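First to last, the sequence lines map onto chains A and B. Residues in the first sequence are numbered consecutively from 8, following the working numbering. Residues in the second sequence are numbered consecutively from 2, following the working numbering.
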Amino acid sequence: MIVLKGCLWQPSPLKTNYKQMKIKIKEIVGVLAITIIGFSACKKPLYETEPTSQDITYVFDKTDSLGIQAKTFLADIYSYLPNGYNRIGNDVLDAASDDAISSSPASTIEYFVNGRISAVATVDNSWDNNYRTIRKANIFLANIDVVPLNQKGLKVYWKSEARILRAIAYFELIKRFGGVPLLGDRVLGLDDNIQLPRNTYAECLKYVVDECDALKAIARPDNTLAADEDYGRVTQGVALALKARILLYDASPLNNPTNDLTKWASAAQAAKDVMNLNIFSLTTAYTSVFNTRKNSEVILAYQRAVTFDLETRNAPVGYTATNASGAGYTSPTQELVDAFDMSNGRAISDPASGYNAADPYTGRDPRFYRTIFHNNAKWLNRIIQTYDGGLDRPGSAVNVQTRTGYYMRKFLNETFESASVYSNQTHNFPIFRYAEILLNYAEAMNEAADNAVNRTEAFNQLKTLRLRAGIAIGSTVGYQHGLKATMTQAEMREAIRHERRVEMAFEEQRFWDIRRWKIAGTVLNGTLHGMQIIKNANGSFSYTQTNALNVSFDASKMYRYPIAASEVNKNRNLTQNPGW
Amino acid sequence: MLFSLTVYAVCPSVANANTIRVKSHVTGKIGFTKNHRLEVTGTVTDNFGNPLFGVRVSIKETGTSVSTDKNGKYKISAVEGDILIFTLNGYLVKEVEANQALLNISLGESQKRQATTPVLYGEQSVTTNLQSTSTVYNNDLIKVPVAGINNALSGRLAGLYTLQSSGRPGADGTSITVRGNTPLVLVNGVPRDYSSIDPEEIESVTILKDGLSTVMLGQQSSNSVVMITTRKGEVGKQRISLTAQAGLQSAIKLPQPLGAFDYATLYNEALANDGKAPRFSAADLNAWANGSDPVFHPDVDWYGTILKPNTVFSRYNLNTYGGGNSTRYFLDVDYLNQSGILKQDDQNTYSTNTDYKRYLVRTNIDIDITPTTLLNLNLFGRIQSGNQPGGAGANTAIFTTGTTLSNFGGNNIFAQLAATPNNAYPVFNPNGSLAGSSDYQTNLWGATTRSGYFYNSTRDVSADISLRKTLDNVTKGLWVKALASFNTSVSENIIRTKQYAVYKLAGTNPDVYQKFGVDGQQINLSTNSGQSRNLFVDFSAGLDKTYGNHSINALLKYNSQSAQTANQIPMIFSNLSGRVDYNYKEKYLAEVALSYSGLNRYEEGNRFGFFYGFGLGWNIAKEDFLKDTKWLNALKVRANYAYTGNANAGYFAYKQYYVTGASYNYGTTPTAITGTIEGTLANPKITWEKANQYNLGIDATLFNNKLSIAADYFNNENFDLIQTRGRSSALLGTAYPAENIGISRYSGVEFDLKYSNNVGNFNYYIAPNVFSLQKIIQYQDEIDRPYPWMARTGQREDQTFGYIADGLFQNQAEINAGAKIQGYSPVPGDIKYKDLNNDGIINELDIQSLKNNNPIWFYGLNLGFSYKGFDFSALLQGVQNRYIYVSGSTEWAFQNNGLGQAFEQNLGRWTPATAAVATQPRLTIGSNPNNEVTSSYWLHDGSYVRLKNIELGYTLPKPLTNKLKLASIRFFVNAVNAVTLSGYDRVDPEVYGNGYPLQRVVNAGLNVKF
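Here it is as structure tokens:
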């Protein structure tokens, strides 16, 4: 009688329950119970009667001296780190900046620039996911102590990892929403008060900065990360890089309306702290930042499996063969293309640059060719045709295809330029890399004080980056790497912003930069452009700049995201951001 | 004169018949009364030739009557020409003229009107029953040529509603609800998950509707019960019944796509509306208009290309029963074959159709081991197999993405049909290869015939064994019974799918093709796609006793059900229950039922609940003051209440589990570490849902039992309903568990009427039923909603919310005057919405409840007659106050970024010229954020009435069948879904959108009895 082995009719529950019943029932139950207990002879059941192998003692196991199970709990938290590739629908976040637009006319990313975004129609709403990360980190911190790890110091490292991941989650919330509810180490339960109000922006900033400060010394040092299997974990360097970025954001006009210069000084110092580790450095080749798994420049990258999904999502649409196709989801704008200087470092608007509008893609900053698929470039052993009617811009009214004449090339593996099919390759998304630290430092130094000393410090960082990019110092007097050797603070600001845009295109930087600089109201109101290319009978091309997309940005409210209406409606104490 | 002559000439036989009859009658009466007295004798049998006992044989003229004896023999003294009337409860009345001394008569079975009605775990006298139940018997069920029993129940029982959302063989998708709940299915008292069962083996299907009738099921007692009782052997010689039938199935209606010319014309119009240049030139349009260029300007009717107009349905059934003094048996063997709608490629050696085949066998055996001990053994076996093409992907099927027959995936071929324009690509290229393009890489002909196949087979076996002993020696009417039942089900898939490439002719050069996709290797996989085991044990004791005027019927029961699915820990229900019926002279009735019921899915110590119900009734017709009222045969009022439960606990939801999460790739050589996450938050307090169920009813039979009426009113308050709280703030950081929160009220009325009578040999009946259902939310944990029209409380359950459409914008002035739409600039031809809060902006604050997809009124009308050898029956079924929300690629043109199809209804789009009569908003390419939001614009009246089932049969005359040494031969033709009238006539009110179309079945067959 397997059924009765289920022990539902164990004497104990029966006794306790039938006492409450009326006498007659009691008798009947009693008679029957005796019969049934006789049948069941309840010993240990043949199999588990409730699942016992998957409760918390199995994850945080008192007998697991290697922490094998606990490690998997941490791994899941890592998987919620920002992963910037084609993550919104099929679009990259920067398709909502002035750098690119979606190739699909019906994409939700366009809500950011067509005014449809609202508390109901949210895009990139990471509220839920980041609070999930925070909960998981808190569960990990609350339970990891029972695991008897026998590797000395590992527990401190792991706890630090959970805390840094949690701090990153708060940063992701703060940069979108401003102040958010801070939970500390609490793991909320069903009976807890979950109707929590928002903490102020300043409290949230302090929380993250304090965590970074607390962890920068006790987290895993970057130079001990020799063990290959641990590569990709968050380290002291990550804590410092996070602090450098959040303080830069804090010093920026959006969060620093009075332009408190001490904020810029703190931001500069935080960036300098990363540089002073003397562990990270720029890679020799620009593309190896994105295509090599372990390199000297990346401080933290989202560690992905080897794939070629980036290629199939972003390569031009004319490639259709199996394992060699492209969906062309991203259309970079003419604005971004024009931001790339010539290889001599001069802006294309500079008459001395040598730019020829009739041959616009020749002689540009080498980073241009690693960032943009342009007409007549080569991919998969074929010349790209983004001219009207070409394979990559066929022009039928229905295709998802480039709306600007360009496709995104960045992050794609350059070896496929002359391959016939794709193969699995590393495409880790850089969350923090050394080039950003240099740019952060340059920007903060330039802003912290209007003097030549600071500007020289800033200029040195730009030179380092441009040199690595392949822009020679040049011999023109008064110019280095195409930049004026002596700049005003404002000129230097523009040079730094320009360098950031080019160096870190599509790395989810520009989207936030135009917000913290409060220039989105300017660059995202009006028209974004593309290039119409006509192939002439003699094989030459004619180029005409065209309107690609009309965009609008409501500066009165859009510098912060709306909190989803569903969330505000569930929590009476949660105030919505102004204007939404 | 001329007129009457004509009539005479046209109807000579009628005239003759009348003449002769009148003549003989007159002669008998007047002239030769004494001389023509006849002693008529004979045997009355059923259709099998078995003698019928107790048939009343009466003479119409005089009323004199006798009854047949055990051997069916009768003897009556009549006058030649008298009309003899043969009546027996459950059989058709037959009138025969007494014209010879030996009259052997066979009676056909009628709609049985039984003295008892099935109730949970037993039977109850119709006179004393206090529960709300309805029953349908075998003879109605076998008329419907369908595979699933659910489809045979539609419209026959008040309170029961079926909704068939697919016509796919073997996966009919028919949902069944009783009083708004999905009922528990019991087969011979054992919980079973069977709907695919052959009707020949069923004696009756009873729905137990109110709480009193189900409360003994404890934690499974809230949701009503469908109780199937299978047939049993009967004492007598072996009776064999053989039925063969075959029919044609055809889709009731298919969506009507636009031809390529119309499509292209509208496409250009849509582009113009979007401010874009036309895609198709005048030359293109011309090529489609005259069909001159099928290669580059194809116009393919895809529905006609891959779907057959007719498919075959066939079923063969053999059943036999009989028994001697100690053993009785029933054996049923059934085979059903329903072929699919897809066309086939002769080059394939295998079927790629959506065929369904089913083999069933059942044996029920009763053995009297001793005079007081009855052993009963029921065995049931079923093999079902279904097939489908592989579809487009490497390891997919055209309807499923991997598991069982009933699973509809997004891969559904009908979704692809609805998404492929006629001009997308030709079927084949000039070189014979499959055509396609970069936008359409799934050639539909390839998907149905070149993608291999996916075969599913499910095997079920069940066995019930029971032993019943009467203990009359202890006290009269006492019995005990033990039952054990086991069933097991295994399902496996055989996957032989493959990929195919499609080609596009690149230019006019006939040799240059662009290839899309790959010609892949065939997958050869066999997977176990599901298994379950179910063990049920039951011990019961009963007492049926009368002390003078007091009658008591008591039942005490313990049962336990252990249900295991795949590798889950079994779900174990344990149930101690009892019931006592009492009546005083059958006048004053009372019933009490109790259950102490537990489930192992709740936390230890909180697993058992106590459920109870009671009822009272009064048989008014039995009172002395009504005893002499001839026209009133029975009149009973009854009222009952029950506190019931519904276990809906999820899988050990009281306990916190940790489950597989996302993986992460650390390391310079990436190695995925599979993550672990906290599962859905545990809710240790989770408990069963509860209900207070009230039922009031009246049963009456009038006019010599010719008219019977049952009326019920029910009002059920369901509480502690499992819901997720509304204030589920994401700050918690994890998914909220189900909690016992909601309160809903289900209420309605039910009327069942039946009138049967005969005019001579014309036996007829008419049985309408009407019922209503309202499911209202009394409480749920609502989020903050600023306006009353946004509230869910007080609305119906499953309520859709949307904007209220206010026609189409006709001009810019109207747009300027109207409320602004958030993030959208409307143009004339767009849908205008009501600004409910008058804030000048159309946004989420203007969303209110829309009309509901669930009907409020339901009805069925069953009628039929038999005359001589002919019998006829028809069933009408319908619903009222139902609305269909249409959306998606079958409703809107050019979906999927403009790749989609367009349909007939899109011709009714708004244009400046047709502004006044437009039935659809202006056309746009891809999705339109204004016109395609959920709104009342897309609601259609979904009320319908169907001629659900119709049957005509003819039984050969007895003398003829006797010559053939057979008991009876009956021919029949019947149909399912014969005619449908609906407010929504675009496709079908039940299967719309892109479902497998509902089938009309026209069927003919032959039944032979030995």
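Where a beta carbon is used, it is the ideal one built from N, C-alpha and C, also for glycine. No experiment lies behind these values; they were computed from the predicted model shown.
Think of a sphere of 7 angstroms around the beta carbon of GLU845(B): the chain A residues whose beta carbon falls inside it are VAL127 and ALA572, in chain order. The C-alpha of LEU259(B) lies about 10 angstroms from the C-alpha of ASP300(B). Proximity of chain A to SER225(B) at the Cβ level (cut-off 8 angstroms) is not reached, the minimal Cβ distance being about 25 angstroms. With a 10 Å radius around the Cβ and a threshold of 16 neighbouring Cβ atoms, TYR585(B) comes out exposed. The beta carbons of SER850(B) and PHE810(B) sit no closer together than 7 angstroms. Chain B places no beta carbon closer than 7 angstroms to that of SER72(A), leaving this residue out of the contacts. For ARG38(B), the three-state secondary structure derived from DSSP is strand. Going by C-alpha positions, TYR413(A) is about 23 angstroms away from ASP357(A).
By the criterion of a C-beta distance shorter than 7 angstroms, GLU218(A) is surrounded in its chain by ARG170 and ALA174, once the five residues flanking it on both sides are discounted. Within chain B, THR669 have C-beta atoms less than 7 angstroms from the C-beta of LYS301(A), given in sequence order. In this structure the region 231 to 246 of chain B does not lie against the region 640 to 649 of chain B, because fewer than three pairs of beta carbons, one per stretch, are closer than 8 angstroms. The Cβ-Cβ distance between ARG377(A) and THR493(A) does not fall below 7 angstroms.
In chain order, GLU236 make up the part of chain A whose C-beta sits under 8 angstroms from the C-beta of THR672(B). Residue environment analysis places GLU592(B) among the buried positions, since at least 16 neighbouring C-beta atoms fall within 10 angstroms of its C-beta. THR735(B) belongs to the set of residues whose beta carbon lies under 7 angstroms from a beta carbon in chain A. In the pairwise beta carbon analysis, the region 364 to 375 of chain B is classified as touching the region 453 to 472 of chain B: at least three pairs are separated by under 8 angstroms. Boundaries of the beta strand (DSSP E) harbouring LYS505(B): 503 to 506, taken from the DSSP string. Within the region 658 to 735 of chain B, the complete beta strand (DSSP E) runs of at least 3 residues fall at 659 to 667, 672 to 679, 690 to 703 and 708 to 724. The count of Cβ pairs closer than 8 angstroms, one atom from the region 199 to 214 of chain A and one from the region 137 to 149 of chain A, stays below three, leaving the stretches out of contact. Under the Cβ criterion (8 angstroms, minimum of three pairs), the region 897 to 904 of chain B does not count as touching the region 943 to 954 of chain B.
Proximity to TYR357(B) across ASP333(B), LEU484(B) and ASP173(B) peaks at ASP173(B), based on C-alpha coordinates. C-alpha of TYR652(B) to C-alpha of VAL66(A): approximately 20 angstroms in a straight line.
When DSSP states are grouped into helix, strand and coil, LEU435(B) belongs to the strand group. Looking from the CA of TYR177(A), the closest CA among LEU284(A), SER133(A) and PRO264(A) belongs to SER133(A). Within chain B, the residues placing a beta-carbon under 9 angstroms from that of PHE80(A) are TYR659, GLY662, GLY676, THR677, ILE678 and GLU679, ordered along the chain. Where GLN246(B) is concerned, the enclosing beta strand (DSSP E) starts and stops at 237 to 252. Residue state for TYR238(A) is assigned as coil, using DSSP reduced to three classes. Under the three-state reduction of DSSP, MET282(A) is assigned to helix. For GLY91(A), the number of other beta carbons within 10 angstroms of its own is at least 16, and it is reported as buried. For the pair of segments examined, the region 269 to 276 of chain A was found to touch the region 236 to 255 of chain A: the number of CB pairs separated by less than 8 angstroms reaches three. One Cα belongs to LEU187(B), the other to ASP83(A), and the distance between them is close to 45 angstroms.
Neighbours of LYS254(B) across chain A, judged by C-beta separation under 8 angstroms, do not exist; the nearest C-beta is about 29 angstroms away. Below 8 angstroms, too few C-beta pairs join the region 269 to 285 of chain B and the region 75 to 87 of chain B to call them touching: fewer than three.
In this chain, the beta strand (DSSP E) harbouring GLY531(B) covers 526 to 548. Between TYR665(B) and chain A, the shortest Cβ-Cβ separation is below 7 angstroms.
Of all residues in the region 473 to 494 of chain A, none comes within less than 7 angstroms of chain B when Cβ atoms are compared.
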